[in-house]
Ligand code: GLU
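In structure tokens form, the structure reads like this:
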């Protein structure tokens, strides 16, 4: 059975790149009915950010990337928070020492700093690599603080296969004797993720390509323990484009790059998921762009993952989001838009009709206030707005006539719904021998103060109601005198 995991470090917000890693890992796990594990990698105590684990969990919950094992849900391989597994790592580190693939290092901070000063790139000089058993035991008995380092082979080559990037090799002489257990008793990421992936039965390690070149060190650990290596799936870099068109690693300077920021700006989780699924993966034979999570599970295979960097395109995400919003049920839209509405909606407004009109015309939920403003307050406008070549309105006389006729009719209309309004106003066009377009243009400008509006004249009047419509027409007539 395929077992994948998402193993974030709770160091802040949920970067879109991390979410993509979670998604791909989830999809690879789920494609053939496998398991997806959530593991919190919190052993770098200095980088911890309070609340970050909750952000991770709520993001996965909101996007539907539900984990089969992990915090809150449990499982057979817990605990799933690394800081709660310290003893396990120490036990395995000691085992590795016994097996001759790791060693205690008692070098002081001062000594290491001096080494670094002398040669910043030189790394650790393996001073403690060949301490005798007696020296080690004496030091341990004396309570001298220690770290445990991996004993790297000094010659030869270490290779592994990555499903996306192919075969990766590294000359062993380039490998540092990296620290596995720190002086504070916590393991390093380099060590504990290997132990956990093995103990948790992870078959596919899916993560960002920044780990591509350190993976030789990890496969050496698997080999040292005699464990089967997992399948590696490193994901392509995620890039962003700045205003000048320059491309670099996706970061804050490119815009909102955290899931939370995007949601707060009115992007729908399902649109975000759909869009990022395509950032580094291409469906087979496919032109298909829209996928639900279930469809992604079905369609996602590793051979569709590309190794070339993908560029996050905010315009494209906005387009996706708009498409998702437009397809929402009215009721769901009303529910989702509610927290974004920052103004009091006056009594006269038919909110249901207004939201139905706006739903298909916004690309993100936060646009709502700007888009509905004219329904609530008539914008300032100049009477020249009425003049319009296409509708053959070259002077204000015709506008005045249309509005005067409209006013008379509207005053008597009982039911102020779109169909009734339209049917009641149509005779004016015939009477004045003008086109419907010309008639409706005049009324629409009067009731909206805008040349481009969501919905036509009668739809707008249905939203703002009789009294307000007549008030706006009166105001237009005053302007035209
Ligand atoms: N904790 C690591 C990170 O957040 C996980 C890397 C991995 O998936 O192995 O980058």
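In this note's numbering, the protein residues as written are 575 to 1055.
Glycine included, C-beta positions come from ideal geometry on N, C-alpha and C.
Residue i and residue j closer than 8 Å at C-beta
| i | j | result |
| --- | --- | --- |
| residue 577 | residue 608 | yes |
| residue 923 | residue 738 | no |
| residue 849 | residue 894 | yes |
| residue 853 | residue 888 | no |
| residue 920 | residue 950 | yes |
| residue 595 | residue 867 | no |
| residue 1044 | residue 847 | no |
| residue 1030 | residue 1014 | yes |
| residue 1019 | residue 959 | yes |
| residue 995 | residue 1027 | no |
| residue 1017 | residue 980 | yes |
| residue 977 | residue 1034 | no |
| residue 790 | residue 732 | yes |
| residue 754 | residue 667 | yes |
| residue 970 | residue 1040 | no |
| residue 896 | residue 953 | no |
| residue 651 | residue 875 | no |
| residue 783 | residue 811 | yes |
| residue 900 | residue 934 | yes |
| residue 1054 | residue 987 | no |
| residue 673 | residue 798 | yes |
| residue 585 | residue 621 | yes |
| residue 1025 | residue 966 | no |
Element boundaries [alpha helix (DSSP H), containing residue i]
| i | result |
| --- | --- |
| residue 669 | 660-672 |
| residue 945 | 942-950 |
| residue 1050 | 1031-1054 |
| residue 1014 | 1010-1022 |
| residue 689 | 683-692 |
| residue 925 | 925-933 |
Continuous beta strand (DSSP E) stretch holding residue i: start and end
| i | result |
| --- | --- |
| residue 884 | 884-886 |
| residue 706 | Run containing residue 706: none; DSSP gives neither H nor E here. |
| residue 575 | Taken as a continuous stretch (DSSP letters only), residue 575 belongs to no beta strand (DSSP E), as it is neither H nor E. |
| residue 813 | 812-815 |
| residue 676 | 676-679 |
Cβ distance (whole Å) where residue i is taken to contact residue j below 8 Å
| i | j | result |
| --- | --- | --- |
| residue 679 | residue 720 | 6 Å |
| residue 663 | residue 671 | With 8 Å as the limit, residue 663 and residue 671 do not qualify as a contact, their Cβ atoms being about 13 Å apart. |
| residue 975 | residue 1006 | 6 Å |
| residue 780 | residue 583 | Residue 780 to residue 583, Cβ: 16 Å. No contact. |
| residue 709 | residue 728 | Residue 709 to residue 728, Cβ: 21 Å. No contact. |
| residue 983 | residue 998 | 5 Å |
| residue 724 | residue 751 | 6 Å |
| residue 593 | residue 633 | 6 Å |
| residue 863 | residue 898 | That pair is no contact at about 12 Å. |
| residue 788 | residue 820 | Actually they do not touch by this definition, with Cβ atoms about 28 Å apart. |
| residue 792 | residue 768 | 5 Å |
| residue 602 | residue 807 | 7 Å |
| residue 865 | residue 880 | With a Cβ gap of about 17 Å, residue 865 and residue 880 do not count as contacting. |
The ligand NAP heavy atom lying under 7 Å from the CB of residue i
| i | result |
| --- | --- |
| residue 653 | Questions concerning the ligand NAP fall outside what the structure shown contains, since the ligands it does hold are the ligand GLU. |
- Task: Give a yes or no on contact between the stretch 819-834 and the stretch 587-606, applying the rule of three or more CB pairs nearer than 8 Å.
- Result: Yes: at least three Cβ pairs fall under 8 Å.
- Message: Restricting to runs no shorter than 3 residues, where is the beta strand (DSSP E) found entirely within the stretch 956-1006?
- Response: The stretch 956-1006 contains no whole beta strand (DSSP E) run of 3 or more residues.
- Mind the definition here: the stretch 826-835 touches the stretch 748-767 only if three or more C-beta pairs lie below 8 Å; say whether that holds. The stretch 826-835 is not in contact with the stretch 748-767.
- Item | beta strand (DSSP E) segments (min. 3 residues) lying fully within the stretch 602-626 | Annotation: the stretch 602-626 contains the following complete segments of the beta strand (DSSP E) (minimum length 3 residues), in chain order: 609-612.
- Counting pairs of Cβ atoms below 8 Å between the stretch 770-779 and the stretch 701-721, do you hit three or more? Between the stretch 770-779 and the stretch 701-721, the count of C-beta pairs closer than 8 Å stays below three; the two stretches do not touch.
- Message: Would you call the stretch 835-844 in contact with the stretch 933-949, where contact means no fewer than 3 C-beta pairs closer than 8 Å?
- Response: Note that the stretch 835-844 touches the stretch 933-949; at least 3 beta-carbon pairs, one per stretch, sit closer than 8 Å.
- Only counting runs of 4 or more residues, tell me where the alpha helix (DSSP H) segments fall wholly within the stretch 774-807, in order along the chain. Contiguous alpha helix (DSSP H) elements confined to the stretch 774-807 occur at 789-799, taking only those with 4 or more residues.
- Can you find at least 3 beta carbon pairs, one from the stretch 639-647 and one from the stretch 604-620, that sit closer than 8 Å? Contact holds between the stretch 639-647 and the stretch 604-620, because three or more Cβ pairs, one in each stretch, are under 8 Å apart.
- Fully enclosed by the stretch 709-775, which beta strand (DSSP E) runs are 3 residues long or longer? At a cut-off of 3 residues, the continuous stretches assigned as beta strand (DSSP E) that sit fully inside the stretch 709-775 are 721-724, 731-736, 740-745 and 753-755.
- Message: Ignoring anything shorter than 3 residues, give me the beta strand (DSSP E) runs that lie fully in the stretch 822-907, in order along the chain.
- Response: Those beta strand (DSSP E) runs which fall completely within the stretch 822-907 and span 3+ residues are 884-886.
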